[in-house]
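Visitor: Below: one structure in structure tokens.
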Amino acid sequence: MNSSALSRLAVRQTLMVNQLVDMEWKFGVTVGTSEMHKVGNIFLQLKLVIRKGNSTENVYMELTLPQFYNFLHELERAKTSMDCFT
Amino acid sequence: MICINITLNPCEKHYSSSFYSAPSKDAVREVCVQSHQGPSRIFTENTAAKFNISPSQAAQSLHTLSRHVVFHNLTSPEQILALFPESFHSSLKNLITKILLENSATWRTEALSNQISLPQLKEMDWRVDLVTSSESVSRMAVPTCLLQLKAVSTVTMELSRESLDTMLDGLGRIRDQLSVVAGK
Numbered sequence: 000m001n002s003s004a005l006s007r008l009a010v011r012q013t014l015m016v017n018q019l020v021d022m023e024w025k026f027g028v029t030v031g032t033s034e035m036h037k038v039g040n041i042f043l044q045l046k047l048v049i050r051k052g053n054s055t056e057n058v059y060m061e062l063t064l065p066q067f068y069n070f071l072h073e074l075e076r077a078k079t080s081m082d083c084f085t
Numbered sequence: 000m001i002c003i004n005i006t007l008n009p010c011e012k013h014y015s016s017s018f019y020s021a022p023s024k025d026a027v028r029e030v031c032v033q034s035h036q037g038p039s040r041i042f043t044e045n046t047a048a049k050f051n052i053s054p055s056q057a058a059q060s061l062h063t064l065s066r067h068v069v070f071h072n073l074t075s076p077e078q079i080l081a082l083f084p085e086s087f088h089s090s091l092k093n094l095i096t097k098i099l100l101e102n103s104a105t106w107r108t109e110a111l112s113n114q115i116s117l118p119q120l121k122e123m124d125w126r127v128d129l130v131t132s133s134e135s136v137s138r139m140a141v142p143t144c145l146l147q148l149k150a151v152s153t154v155t156m157e158l159s160r161e162s163l164d165t166m167l168d169g170l171g172r173i174r175d176q177l178s179v180v181a182g183k
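First to last, the sequence lines map onto chains A and B. Each residue of the first sequence is one higher than the last, beginning at 0 in numbering that gives the first Met the number 0. Each residue of the second sequence is one higher than the last, beginning at 0 in numbering that gives the first Met the number 0.
Here's what the structure looks like:
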């Protein structure tokens with residue numbers, strides 16, 4: 000094994016805290032609720048799988064459409080920031 | 000004050016026309032808004048004292064009416080006026096209808112934000128750090144992303160560049176699918 004492969008392996012072993020290992024999603028439309036007969040709002044549900052020590056934890060949350068677009072926008076900004084270090 | 004009991008049409012709402020003795024239009028408005036939220040012993044007792052009617056009648060009737068207006072999204076005065084019986088005091092009927100119309104948009108928005116859902120995302124923060132060394136590598140410059148999401152609880156996680164790229168891929172697919180749905 001050459002040294003660059005070895006160093007890549009070593010880097011990969013770097014400690015990560017609460018590492019995100021998986022993301023699942025679904026989105027749908029709220030058709031009605033007990034308070035309102037006809038609704039029609041889009042919602043997005045995310046499940047994030049986080050490694051904590053030897054086990055994983057699932058985090059579930061729901062986002063409205065504006066929240067989703069903001070979330071996406073912020074993560075794109077984070078990626079741009081990370082790309083500065085290529 | 001005379002208290003006249005009037006029974007309503009098919010919707011089975013029960014109104015007392017002793018709202019006549021309400022001190023002012025604002026008092027009626029306040030009663031409508033408060034009764035919409037739900038049964039409250041203190042509120043019903045205060046209302047009964049103010050209007051000299053039985054507590055359960057007042058609050059329950061208004062509550063049912065305002066919930067009905069929100070549920071069916073009644074937006075025109077005619078639709079709401081139709082819910083009152085013929086013999087209902089006409090200017091009171093108009094006043095209540097006006098108040099319900101004024102408030103129903105707010106009530107619908109409230110109902111939406113209070114609806115059943117998974118923990119709603121409240122806030123998100125991120126930070127990009129540069130990892131310069133670890134116990135297995137003495138010198139490096141590897142970016143990593145910290146992401147904090149606040150819903151009911153707060154969770155902070157770390158994402159490698161690959162994870163962030165994969166996540167953005169997934170979110171991009173969601174965005175594409177959303178624009179297909181929105182386009183229909």
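Cβ coordinates follow ideal geometry from the N, Cα and C atoms, glycine included.
By the DSSP assignment, the beta strand (DSSP E) with Pro118(B) in it spans what residues?
Guide: If you number the second sequence from 1, residue 118(B) lands on position 119. Where Pro118(B) is concerned, there is no enclosing beta strand (DSSP E), given that its DSSP letter is neither H nor E.
Visitor: Flag Ile115(B) as yes if its beta-carbon sits less than 9 Å from any beta-carbon of chain A, otherwise no.
Guide: Sequence index remark: in the second sequence, residue 115(B) carries index 116 (1-based). True, the Cβ-Cβ gap to chain A drops below 9 Å.
Visitor: Going along chain B, which residues have a C-beta under 8 Å from Asn17(A)?
Guide: On the first sequence, residue 17(A) is found 18 positions in, with the first residue counted as 1. The answer, in chain order, is Val154, Thr155, Met156 and Glu157.
Visitor: DSSP on Gly27(A), reduced to helix/strand/coil?
Guide: Here residue 27(A) refers to the residue found at position 28 of the first sequence. Note: Gly27(A) maps to strand in three-state DSSP.
Visitor: Kindly indicate which three-state DSSP category Asn57(A) falls into: helix, strand or coil?
Guide: Along the first sequence, read from residue 1 onward, the residue named residue 57(A) stands at position 58. Note: Asn57(A) maps to strand in three-state DSSP.
Visitor: Run through chain B and tell me which residues come within less than 7 Å of Ala9(A), C-beta to C-beta.
Guide: Residue 9(A) sits at position 10 when you count from the first residue of the first sequence. What Ala9(A) touches in chain B: Ser135 and Val136.
Visitor: Short of 7 Å in beta carbon distance, which residues of its chain neighbour Leu145(B), apart from the five on each side in sequence? Order them along the chain.
Guide: The residue labelled residue 145(B) in the question sits at position 146 within the second sequence. Trp125, Arg126, Asp128, Thr155 and Glu157, listed in sequence order.
Visitor: For Pro142(B), name the three-state secondary structure that DSSP assigns.
Guide: Taking the second sequence and counting its residues from 1, the one referred to as residue 142(B) is at position 143. In the structure shown, Pro142(B) sits in a strand (DSSP, three-state: E or B).
Visitor: Could you please tell me which residues of the region 166 to 178 of chain B, in chain order, have their CB closer than 8 Å to any CB of chain A?
Guide: Met166, Leu167, Gly169, Leu170, Gly171, Ile173, Arg174, Gln176 and Leu177
Visitor: What in chain A is Cβ-close to Pro142(B), meaning under 7 Å?
Guide: By one-based count along the second sequence, residue 142(B) stands at place 143. Chain A residues near Pro142(B): Met81 and Phe84.
Visitor: Looking at the structure shown, is Asn102(B) part of a helix, part of a strand, or coil, going by DSSP?
Guide: The sequence position of residue 102(B) within the second sequence is 103, counting from 1. In this structure, Asn102(B) counts as helix in the three-state DSSP scheme.
Visitor: Could you check the C-alpha separation between Val58(A) and Lys51(A) for me, to the nearest Å?
Guide: Walking along the first sequence from the start, residue 58(A) turns up at place 59. Walking along the first sequence from the start, residue 51(A) turns up at place 52. Taking the straight line joining both Cα atoms gives about 12 Å.
Visitor: Give a yes or no on contact between the region 163 to 170 of chain B and the region 67 to 76 of chain A, applying the rule of three or more CB pairs nearer than 8 Å.
Guide: yes
Visitor: Which residues in chain A sit within 9 Å of Ala81(B), going by Cβ to Cβ distance?
Guide: For this step, residue 81(B) is matched to residue 82 along the second sequence. Per Cβ cutoff of 9 Å: no residues; Ala81(B) is ~17 Å from chain A at best.
Visitor: Determine the chain B residues that contact Leu43(A) at a beta-carbon separation under 8 Å, and present them in chain order.
Guide: By 1-based counting over the first sequence, the position of residue 43(A) is 44. Ordered by position in chain B, the residues that pass the 8 Å Cβ test against Leu43(A) are Ile173.
Visitor: Given this structure, state the Cα-to-Cα distance separating Ser65(B) from Leu111(B), to the nearest angstrom.
Guide: Counted from its first residue, the second sequence places residue 65(B) at position 66. Counted from its first residue, the second sequence places residue 111(B) at position 112. Rounded to the nearest angstrom, the two C-alpha atoms are 16 Å apart.
Visitor: Please classify Gln56(B) as buried or exposed, where buried requires at least 16 neighbouring CB atoms within 10 angstroms.
Guide: Here residue 56(B) refers to the residue found at position 57 of the second sequence. The residue in question, Gln56(B), is buried, as its Cβ has 16 or more Cβ neighbours within 10 Å.
Visitor: Answer yes or no: does any C-beta atom of chain B fall closer than 9 Å to that of Asn40(A)?
Guide: Locating residue 40(A) in the first sequence gives position 41, counting from the first residue. Yes, because at least one Cβ of chain B sits closer than 9 Å to the Cβ of Asn40(A).
Visitor: Which residues mark the beginning and the end of the beta strand (DSSP E) in which Val27(B) is found?
Guide: Locating residue 27(B) in the second sequence gives position 28, counting from the first residue. Not the beta strand (DSSP E): Val27(B) falls in the alpha helix (DSSP H), residues Lys24 to Gln36.
Visitor: List the endpoints of the continuous beta strand (DSSP E) containing Leu194(B).
Guide: Missing from the structure shown is residue 194(B); chain B here goes from 0 to 183 and no further.
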